[in-house]
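Input: a single structure, listed below in structure tokens.
Chains as they are written, first to last, in my numbering: chain R, 1004 to 1363; chain G, 10 to 299.
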């Protein structure tokens, strides 16, 4: 196990990259705690897999350094780094039995046969593969194959980190839940550092203690699932996390209070420092908007009933607004009035969150 | 019950195909079957002979000898061309300008007409004026494919390897390119060496294309005619007389239509049988695998 530090990582797939647009990773600085369960979350094409391959050593970054426990490993290959990686689709060796597959990484490293046998059986037990050890790996179902790929990482007692590159892509939906909770359990049991790449927020939020959100080659926020939800540091995080995401409306600050259109929104902080600034955006989660007969008037455009709650799509000061309304609450067909939860309002400047001061 | 509406008009749609197949496969084949059970002395006078020609062919030492040469030839070229083809494919570049250059170079021999290949190698290998022949003799090795059976065999095999290895290369290369990167990455992480990557990833993934390559090369080489005919004419003596060359000698040289027809049917069945055996064996290991 190791603490992994990425220092000023920039990467481009072009050989002579100069413009910022040439880079797929644009200066990532991050430390992964030893034994942590991390999710690397972001939309497709944001550089997640590239960053993962840089950590594993399959790719060498154009600039920057990768440190394992403070030691620079940038120039080392994956074998020397002692990492394990699980890919989008299961990679198994068709020619071997399940046992052979699990033993393969150990045999290649010259581990003694009794030790190989002991480790393989232990890992097979953990992954419920014990009964299939003699079968050929080719004939198994996708989820069992993926378990084998994972097992090949787990058998090595010395791995620094296990990385998952969207490992549940080819798994049936009903098995995804099962595998994901097994993964979580495994993490608690073996205590390896795990990094889980996904574009699915549910997967990320259920697996990880800490989520790293990537956007366009940058890490925009590192935090617990609660942090990401309550206090997104970037409008992208607010929009990306949550379903539907945060409502974002351009605003101005007058007398320390945000103003959307002509409505002055009451908040519990003062944003007086940002008066006369441009590029300000007010963010509020659909969950943090309540119906209030005394509140602002909005016009409803559509109501989506999704079971336990309704998503009301409305217009407020010519801005689209989505509101969560719990089942059972009556939604008036006209004259819908709402109120924003004061403490849940966030203000962003050029995409990044700004802190409010104490109200005057 | 639903009344079935039968519409026989559809038969007219397949008529062209039936005619085509009839004229270029079924009718000629039936003609051969017809010849194989009869004796003729010309003037369309036929005498029923039953299985006589088949027995005669199957018992004849001449047939055994050319069949033996044929089998030896096919296996020799398979043993050379398949591993060589894979080896070349493994070493071909995967990106850049090199890919196009290699692909064009590989495709070139396949584009040359068979009789031209034979003629080229004939001149190339002539011991007195050919570049290859003179070079080998110049090195002090006695080489004359027109007189020495070993030289003739080596030349025929070399010619076929030159002509057809590309096919195996192209098929293997396509197969190799279709292997997704994560397989290589996983193998790298698992600490697999080059040979293990080949043995446990590349070879299993190439199985399907190699099945096709082996079948194609086997059938083609088992029916080879033009190239050795132009190069050696089956000689020296009968040493490079393969089944097809022998068959043509009997049919058109000696005009023994009955025995020739019987022989070609036997020949056909052997090819069919061997292909079936190859295919079943390869598919069986495939189905064991999945």
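For glycine and all other residues, C-beta sits at the position ideal for the given N, C-alpha and C.
- Where residue 264 of chain G is concerned, there is no enclosing alpha helix (DSSP H), because DSSP gives it neither an H nor an E.
- Between the alpha carbons of residue 1341 of chain R and residue 1282 of chain R lies a distance of about 25 angstroms.
- Its chain contains 1277, 1280, 1282 and 1283 as the residues whose beta carbon lies nearer than 7 angstroms to that of residue 1352 of chain R, once the 5 sequence neighbours on both sides are disregarded; these appear in chain order.
- Secondary structure of residue 1115 of chain R (DSSP, three-state): coil.
- Residue 1335 of chain R counts as exposed, since fewer than 16 other beta carbons sit within 10 angstroms of its beta carbon.
- The Cβ of residue 201 of chain G sits closer than 8 angstroms to at least one Cβ of chain R.
- Counting only residues of its own chain and dropping the five nearest sequence neighbours on each side, residue 1291 of chain R has a CB closer than 6 angstroms to the CB of 1344 and 1347.
- Out of G:219, G:242, G:147 and G:111, the CA that lies nearest to the CA of residue 262 of chain G is found in G:242.
- Here residue 1192 of chain R has 1129 as same chain residues with Cβ atoms under 8 angstroms from its own Cβ, once five neighbours each way along the sequence are excluded.
- Under DSSP, the beta-bridge partners assigned to residue 1218 of chain R are R:1221.
- Of all residues in the region 1298-1316 of chain R, none comes within less than 8 angstroms of chain G when Cβ atoms are compared.
- Think of a sphere of 9 angstroms around the beta carbon of residue 172 of chain G: no beta carbon from chain R falls inside it, the nearest being about 32 angstroms out.
- Residue environment for residue 1260 of chain R: buried (at least 16 other C-beta atoms within 10 angstroms of its C-beta).
- Using a Cβ-Cβ cut-off of 8 angstroms, residue 104 of chain G is close to nothing in chain R; its nearest Cβ partner there is about 12 angstroms away.
- Contact residues of the region 1094-1120 of chain R toward chain G are 1094, 1096, 1097, 1098, 1099, 1107, 1108, 1111 and 1112 (C-beta to C-beta distance below 8 angstroms).
- Secondary structure of residue 18 of chain G (DSSP, three-state): coil.
- When the beta-carbon positions are compared, residue 1051 of chain R and residue 1200 of chain R come within less than 8 angstroms of each other.
- In this structure, the straight-line span from the alpha carbon of residue 1203 of chain R to that of residue 94 of chain G is close to 44 angstroms.
- In the DSSP assignment, residue 1250 of chain R falls within the unbroken beta strand (DSSP E) covering 1250-1253.
- Taking 8 angstroms as the cut-off, the beta carbon of residue 267 of chain G is found no closer than this to the beta carbon of residue 70 of chain G.
- Neighbourhood of residue 1081 of chain R in chain G, by CB distance below 7 angstroms: 197 and 198, in chain order.
- Annotation for residue 1132 of chain R: no alpha helix (DSSP H) segment contains it, and DSSP assigns it neither H nor E.
- Contact between the region 115-130 of chain G and the region 204-215 of chain G is absent: fewer than three C-beta pairs spanning the two stretches fall below 8 angstroms.
- Rounded to the nearest whole angstrom, the C-alpha separation of residue 1288 of chain R and residue 1159 of chain R is 44 angstroms.
- Of all alpha-carbon atoms in R:1131, R:1070 and R:1119, the one lying nearest the alpha-carbon of residue 1037 of chain R is that of R:1070.
- Residue 127 of chain G has its alpha-carbon roughly 14 angstroms from the corresponding atom of residue 141 of chain G.
- Across the region 208-219 of chain G, CB contacts with chain R closer than 9 angstroms involve 208, 209, 210, 212, 213, 214 and 216, in sequence order along the chain.
- With a threshold of 16 other beta carbon atoms within 10 Å, residue 125 of chain G falls short and is exposed.
- In terms of CA proximity to residue 199 of chain G, R:1080 leads the group R:1011, R:1080 and R:1040.
- For a Cβ distance threshold of 9 angstroms, residue set 195, 198 and 199 of chain G lies close to residue 1155 of chain R, ordered along the chain.
- Secondary structure of residue 1313 of chain R (DSSP, three-state): strand.
- Just measuring C-alpha positions, the residue of G:201, G:98, G:251 and G:164 sitting nearest residue 187 of chain G is G:98.
- The beta carbon of residue 160 of chain G sits closer than 6 angstroms to those of 152, 153 and 154, all from its chain and outside the five residues before and after it, given in chain order.
- Taking a C-beta distance under 8 angstroms as the contact criterion, residue 1166 of chain R and residue 1091 of chain R do not qualify as a contact pair.
- Around residue 1272 of chain R, the same chain offers 1359 as residues with beta carbons nearer than 6 angstroms, after the five sequence neighbours per side are excluded.
- Taking a Cβ-Cβ cut-off of 8 angstroms, residue 25 of chain G has no neighbours in chain R, whose nearest Cβ is about 44 angstroms from it.
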